[in-house]
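Below: one structure, written as structure tokens.
Numbering (the numbering used here), first residue to last: 51 to 585.
Spelled out as structure tokens, the structure:
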């Protein structure tokens, strides 16, 4: 009886790529359902273009289009854009297509969702023969689009546009080409992914090399490759062990606990171990002759190597180059592939045999993801359409700053504020004005040490006691008389302080980011925190 079950299971998985003529004719019939699914996915997960990492990439894109922006804090804006073709590509499209900036962001984001689902479905066609399994894989990938990839601070796909929005579909297409043994197509997709997101491209190359060796049944060679990658990480850690680390950079690096596996909680570590165990079981059951078995084993090898390298060589005592390479980012690809394969298994063993349990699993997943999306963005609109006025008072104030302050104005936000909420727009991206400390500056500083050292003299961000924060938030602010023309918008006097509040105090001479006359000549944005009392 067990032999019969194994033969049925192995027949459910693809062992060779489908023929080109058959797959091309099928794809033309699948475009309409995939387009409808992409539209439903967009409506389910929402769109927040100026949130989190999206604000970093949008600011870089704005500066690429208009280099006169962000002169005072260019080091925080150029850090990501100079290493990638993402900003330059979108800037070229914006200039030559004559599209409004916000419309372009929305269109490219929608294209990225469709490309992700299209690539996921192509991969499912290489893994499963059953149509139930193929569409179940694509559906689960769509439902879990914004699911976190363990505790790496990455989502499967963000509800905003970043370079990873385009590199993730290219990663899947490169893996599909590898399974098809189409080396030219694989090289093109890999090159494009590396040009858009070099860091994710590095881990894609390592994964593809492992998968190629496993496809040739060279198990020992694949183990040797992972061992060589582990030794390379050790060599990088040994070479950089004596590099000087400034106290400001150390503070910025330690503010991001996801860099250091030794500082993870047990439930976060479970998010690394559980997928590898499940994929190891799936690899044994499906066998190395099937594409699913090869893919699962490649995930186990690369994931285990990343965990060992992070545990052995990345320590909080000495944040170095290996920490900035974020070896645990390889789990982003593992989670994406895991969703596709898990959806196929649900379609094979649940949906094909019993429809109602499969529908129940789908409804539970949709409800859970919808609840999580709402909890992440409780203030902003679920979909922030470019032509609609934002509902968040903070975003309204940022738009007011863009419209009523000079382009070279320099702002400062509350240095004691903590930026822990996803529903917090980036000031630079939305206001198109320079600021001394934006919501994502600590993350940028942890990746680019020069950025942190340039702002080393700023006051340290420390969390306020909750009771003090609540007491100050509920207290009525003192009346402020605006000297700006036009005056501050009604109800936003707690977001912006007028010019006289600064008393034109001089910036410290040792501060490297300042106005040529060493005076801040713009209002201060206190980012929704109450204005300080007058002395």
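Where a beta carbon is used, it is the ideal one built from N, C-alpha and C, also for glycine.
If you're wondering where the values come from, they're calculated on a predicted model, not measured in any experiment.
Under the three-state reduction of DSSP, residue 100 is assigned to coil, being neither helix nor strand. In the DSSP assignment, residue 182 falls within the alpha helix (DSSP H) that extends over 181–193. Of the residues 475, 349, 423, the one whose Cα lies closest to the Cα of residue 446 is 475.
For residue 425, the enclosing alpha helix (DSSP H) has its first and last residue at 405–426. Rounded to whole angstroms, the gap between the alpha carbons of residue 255 and residue 340 is 22 Å. In the DSSP assignment, residue 400 falls outside any alpha helix (DSSP H), carrying neither H nor E. Between residue 194 and residue 389, the gap from beta carbon to beta carbon is short of 7 Å. Relative to residue 174, the option among 230, 480, 312 whose CA is nearest is 230.
Under the DSSP definition of a beta bridge, residue 485 partners with 461.
According to the DSSP secondary-structure assignment, residue 433 is paired through a beta bridge with 97. Here DSSP, grouped into helix, strand and coil, assigns residue 475 to strand. Residue 421 sits exposed, since fewer than 16 C-beta atoms from the chains shown fall within 10 Å of its C-beta. The alpha-carbon of residue 345 is positioned some 21 Å away from that of residue 244. Taking residue 182 as the centre and dropping the five residues before and after it, the same chain places the C-beta of 397, 398, 401, 402 closer than 8 Å to its C-beta, in chain order.
A straight-line Cα-Cα distance of about 28 Å links residue 494 and residue 323. Annotation for residue 96: 209, 423, 427, 432, 433 place their beta carbon closer than 7 Å to its own, counting only its chain and skipping 5 residues before and after. One alpha carbon belongs to residue 376, the other to residue 309, and they sit about 6 Å apart. In this structure, residue 448 lies away from residue 419, with their beta-carbon atoms at least 7 Å apart. Burial state of residue 103 is buried, judged by a 10 Å Cβ sphere holding 16 or more other Cβ atoms. Counting every other CB atom within 10 Å of its CB across the protein chains shown gives residue 234 a total below 16, marking it as exposed. Straight across, the Cα-Cα distance linking residue 99 with residue 232 is about 36 Å. Spatial neighbours of residue 360 in its own chain (CB-CB distance under 6 Å, excluding positions within 5 residues in sequence) are listed in chain order as 311, 377, 378. If you ignore the 5 residues before and after residue 139, its C-beta comes within less than 8 Å of the C-beta of 246, all in its own chain and listed in chain order. Per the C-alpha coordinates, the member of 101, 119, 162 positioned closest to residue 136 is 162. With contact defined as three or more Cβ pairs closer than 8 Å, the region 152–170 and the region 218–229 are in contact. With contacts defined as CB atoms closer than 7 Å, residue 260 and residue 348 qualify as a contacting pair. A residue is called buried once 16 or more other Cβ atoms fall within 10 Å of its Cβ, and residue 292, having fewer, is exposed. Per the coordinates, the alpha-carbon of residue 164 lies some 43 Å from the alpha-carbon of residue 289. If you look at residue 169, you'll find it in the alpha helix (DSSP H) that goes 151–177.
The beta carbon of residue 387 is closer than 7 Å to those of 345, 349 in its chain, skipping five residues each way along the sequence. Residue 282 sits in a helix when the DSSP states are folded into three classes. Scanning 90, 116, 274, 492 for the CA closest to the CA of residue 355 turns up 274. Residue 457 and residue 119 do touch by the CB rule: their CB atoms are close to 7 Å apart, below 8 Å. Distance from the CA atom of residue 363 to the CA atom of residue 281, rounded to whole angstroms, is 10 Å. In this structure, the beta-carbon distance from residue 365 to residue 204 does not fall below 7 Å. Counting only runs of at least 3 residues, the region 315–397 fully encloses no beta strand (DSSP E) element at all.
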